[in-house]
Amino acid sequence: MRIAVCVTRVVDPSAAMPFQVRPAALPGEPLPRCLNAADRSALEQALRIKDRLPGTRVTVMSLGPPECEPLLRECLAAGADEALLLWDSAFEGGDTLATARVLSRAAQQLRADLILCGHLATDGATGQTPLQIGELMGLPVVSGVVHLELLDGASSLSVHRKLDRGRRAVIRCPLPAVLALEPATGPLRYPRLRDRFQAWQARIERWGCQRLGLRPEEVGERGSCVQVIEVGPAKPDMRGLFVPEAGLSGMERWQAVVSGGLAAPAGPSAERRPPLVEGPPEVGAERLLSLLVERGFV
Amino acid sequence: MRVDAPVWAVAEGGSGRLSELAVSLTAEASRLAEELGTEAHTVVVGNCEDELVRALGSRGAARVFVAGCSAAQHDSDAYVPLLTALIRKHQPSVVLCGTTVLGRELAARVAACLGTGLASDCTGVEMGPGGVLRMSRTAYGGRASCTVVCPQARPQMATLRPRASPTDCGASAREPQVIRLEAESVTSPRTKVERVVQADPFTMDLAEADVIVAGGRGAGGREGFELLLELASLLGGAVAASRVAVDAGWVPYHRQVGQSGRTVAPSLYIACGISGAPHHVVGMRGARTVVSINTDRHAPIVHLAHMAVVGDLRDVLPPVLARLREDTSRARSARMSALGMLAESRGDR
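If you're matching them up, the sequences are chains A and B in order. Counting in this note's numbering, the first sequence runs from 60 upward without gaps. Counting in this note's numbering, the second sequence runs from 47 upward without gaps.
See the structure below:
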């Protein structure tokens, strides 16, 4: 079995973002980067399949500049058999669809039976690429996977998929297929020092437009439909700071501040008080039910 | 591209919160259509009741396509070819989808089929000059906001979070033209949903819960939490607790909401016997609707709640549970009889 794992380099989610405010732009100096968390979990699942099925070949591939090589070496150290860097100067500035074109072409050339991706990159957070890879290759695709199992001698898969309200769908999916995995499937194993040294010496192949058989106008900025025209600091949360009512006595204002606005006594804004429902319990139950119906929870 | 190309909203059929999303997407589409001087159309995937069609009409939908399908609700396989063909035929300028499990998947796959641009999880969309949509979204884990455009390719696609309160555009309300699409045009899916596992209210990740029923000292013990558990399972939600209940050993620690527990932001938070100490409140302030059931009408949580029922939860909850139980069993029997009729009609053929 051949497994292709798509990994990506993201801006370290724990790093600070020193934005330039006017004109709004990303910080000038390079941001700290790391391997995407969900992609690490995808690699771990591939390695677990390899542990169970001898003869499985795990290939990690990443679309990105040569600076991504250390991250690919991290994947090799963890146990991947082969790493591919998909890079060409024409690939620069691509949107999700242009990225999916490159990755799907590479997966096709590898003749992968299973393509595993992380469900979301923590920086771009679109979650579109795995779905678009599947669509471009004409393969079944399942996103939000939290558990997977090979069935009937590795010809199909049983996957658990995350739905809303904590529900899970159990899906049967034929191979070859594309899966987008959640980080909840488990963290990546810790590599041994010896494997790390070996990974540092491994050769990483680089595939560009020519090797993949793609035209430069299909990929990168020229092949993209979506353009980012503005990047800036996040818009602040709309919730305002609590300011106590000016007309209250000092004691009441103090109480209101200390309680964080919860114990604000009835002042001019008394009409903002919630509808209190008093009386026998049946009345309360009735009102509660009507609220549930009104807001669409029942 | 046609000048009068319509603006589309793609919504899931269903009731309750899903139809709320359908309505708010339609309202958004008709707002954009008005700026462009065109019509807003809505595509409903899944079943669509007449009531929903009327609601969509009152939000400005001139046409409603209903793509009914017997496939499982969360199966985008069935809808991708259908929606792609529909978009190719009618050529809308903008397609808006909801940020739901199905909506996200459908939008990404259809965009790939059509070779067009998509901005997912947008916080807002505005019409810019030349009919180019300016789509705002957050990136870098919420630390940055960016604006994206899709200048050339059409349709321009976006998935949207629902606006809190969609406004009713009463003036342009009309009876929409309804077009039902044949079920035959839905091809058989490649993946098969074998079953859907319902979440257990006591183990469900609180971050995933849409409804949270929380108990505090007022729950009085494990018996009190039995009531909360039943309410949570009837509403498809999770059980949570304040620190008092956790310290007393009534519920495990992973259920704790507050400063020393989890921070949650569900659509509905029902606080039962919780006074609302600041340490608890910091963990649930993000909830959209807060209901409190408490014997103390002066409890701090009352000031935060959208509805505050004064009373003991052991008196208030049983009648609520009885009614909800009744509703669920009635809905189930209705569904069973509908399935029975479907099977019969198939047998006749």
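Ideal Cβ placement from N, Cα and C applies to all residues, glycine included. Keep in mind it's a predicted model, so treat the numbers as computed, not measured.
Provide the residue span of the alpha helix (DSSP H) that contains residue i, from first to last.
i                 : result
aspartate 293(B)  : 289-293
isoleucine 108(A) : 96-111
alanine 136(A)    : 128-137
threonine 188(A)  : 188-196
threonine 158(A)  : 155-169
tryptophan 266(A) : That residue, tryptophan 266(A), is in no alpha helix (DSSP H); its beta strand (DSSP E) goes 264-266.
glutamate 311(A)  : 309-317
leucine 102(B)    : 96-104
arginine 253(A)   : 252-260
Classify residue i: buried if its beta carbon has 16 or more other beta carbons within 10 angstroms, exposed otherwise.
i                 : result
proline 340(A)    : buried
glutamine 104(A)  : buried
tryptophan 54(B)  : buried
tryptophan 259(A) : exposed
glutamate 126(A)  : exposed
tyrosine 315(B)   : buried
glycine 203(A)    : buried
glycine 276(B)    : In the sequence as presented, glycine is not what sits at residue 276(B); that position holds glutamate. Buried is the call here.
valine 352(A)     : exposed
arginine 68(A)    : buried
8 angstroms is my cut-off, CB to CB: does residue i come that close to chain B?
i                 : result
valine 161(A)     : no
arginine 354(A)   : yes
leucine 156(A)    : yes
glycine 306(A)    : no
isoleucine 174(A) : no
proline 327(A)    : For proline 327(A), the predicted structure reports a pLDDT of 45, less than 50, and the residue's modelled location is therefore unreliable. The matter cannot be settled from this model.
proline 91(A)     : no
Between residue i and chain A, is the shortest Cβ-Cβ distance under 8 angstroms, so that the two count as touching?
i                : result
tyrosine 315(B)  : no
serine 191(B)    : yes
threonine 184(B) : yes
proline 365(B)   : yes
threonine 84(B)  : no
arginine 301(B)  : no
glycine 319(B)   : no
serine 211(B)    : Model confidence at serine 211(B) stands at a pLDDT of 44, short of 50, so the residue's coordinates are unreliable; what they give is reported in the following sentence. For serine 211(B), the answer is no, since every Cβ of chain A falls outside 8 angstroms of its Cβ.
alanine 199(B)   : yes
cysteine 94(B)   : no
leucine 227(B)   : no
valine 232(B)    : Only weak support exists for where valine 232(B) lies, its pLDDT of 49 falling under 50; the value from the coordinates is given anyway. Not an interface residue.
glutamate 97(B)  : no
glutamate 80(B)  : no
threonine 21(B)  : Any property of residue 21(B) remains undetermined from this structure, which presents chain B solely from 47 to 395.
alanine 217(B)   : Confidence is the limiting factor: at alanine 217(B) the pLDDT is only 47, short of 50, which leaves the residue's position unreliable, though a coordinate-based value still follows. No - not a single Cβ of chain A is within 8 angstroms of the one on alanine 217(B).
Only counting the same chain, and skipping five residues up and downstream in sequence, which positions put a Cβ closer than 7 angstroms to that of residue i?
i                 : result
glutamate 280(A)  : Glu151, Gly152, Gly153
tryptophan 266(A) : Leu143, Leu145, Ala165
valine 316(A)     : Pro303
threonine 115(A)  : Met60, Ile62, Ile108, Lys109
arginine 150(B)   : Ser166, Thr205
leucine 131(A)    : Val119, Ser121, Ala142, Leu144, Ile263
leucine 348(A)    : none
Return the first residue and the last residue of the beta strand (DSSP E) that residue i is part of.
i                 : result
methionine 173(B) : 164-173
methionine 120(A) : 116-122
histidine 219(A)  : 215-221
proline 233(A)    : 227-233
tyrosine 315(B)   : 314-318
serine 202(A)     : 200-210
lysine 238(B)     : 238-243
valine 259(B)     : 257-261
valine 348(B)     : Taken as a continuous stretch (DSSP letters only), valine 348(B) belongs to no beta strand (DSSP E), being part of the alpha helix (DSSP H) at 347-350.
Kindly list the residues whose CB is nearer than 8 angstroms to the CB of residue i, restricted to its own chain and excluding five residues on each side of it in sequence; keep chain order.
i                : result
histidine 325(B) : Arg289, Gly304, Gln305, Ser306
glycine 177(B)   : Leu82, Ser139
serine 328(A)    : Low confidence applies to serine 328(A): its pLDDT is 46, below 50, so where it sits in the model is not reliable enough to give any reading.
serine 191(B)    : Thr169, Ser182, Arg183, Thr184, Ala185
The ligand ZN and residue i: does any heavy atom of the ligand fall closer than 7 angstroms to the residue's C-beta?
i              : result
leucine 102(B) : Among the components modelled here there is no ligand, and therefore nothing to report on the ligand ZN.
Is any beta-carbon of chain D found at less than 8 angstroms from that of residue i?
i             : result
lysine 109(A) : Absence of chain D from the displayed structure is noted, the protein chains being A and B.
I'd like the list of long-range same chain contacts for residue i, defined as Cβ closer than 6 angstroms, with 5 residues on each side in sequence excluded.
i                 : result
histidine 206(A)  : His219
leucine 350(A)    : none
methionine 187(A) : It is glutamine, not methionine, that sits at residue 187(A) in the sequence shown. Contacts found: Thr155.
Point to revise | Within 7 angstroms of chain B by C-beta, residues of the segment 214-227 of chain A in sequence order | key: Leu222, Asp223, Arg224, Gly225, Arg226, Arg227
Review point. Got a sec: which bits of the segment 273-287 of chain A sit with their beta carbon under 9 angstroms from any beta carbon on chain B, in order along the chain?
Key: Ser283, Cys284, Val285, Gln286, Val287
Review point. Name the residues in the segment 182-201 of chain A whose C-beta lies less than 7 angstroms from a C-beta of chain B; which are they?
Key: Asp182, Gly183, Ala184, Thr185, Gly186, Gln187, Leu190, Gln191, Glu194, Leu195, Pro199, Val201
Review point. Given a limit of 9 angstroms on CB to CB distance, which residues of the segment 232-252 of chain A reach chain B?
Key: Cys232, Pro233, Ala236, Ala243
Review point. Given a limit of 7 angstroms on CB to CB distance, which residues of the segment 334-347 of chain A reach chain B?
Key: Pro334, Leu335, Val336, Glu337, Pro340, Glu341, Gly343, Ala344, Arg346, Leu347
Practice item. Report the residues of the segment 280-307 of chain B with a CB closer than 9 angstroms to any CB of chain A, ordered along the chain. Key: Leu280, Leu281, Gly282, Gly283, Ala284
Practice item. Check each residue of the segment 265-276 of chain B: if its Cβ is closer than 7 angstroms to any Cβ of chain A, include it; give the result in chain order. Key: none
**Study point:** Short-range partners of chain A found in the segment 235-256 of chain B, where Cβ spacing is below 7 angstroms
**Key:** Arg236, Thr237, Lys238, Val239, Glu240, Arg241, Val242, Val243, Gln244, Ala245, Met250, Asp251, Glu254, Ala255, Asp256
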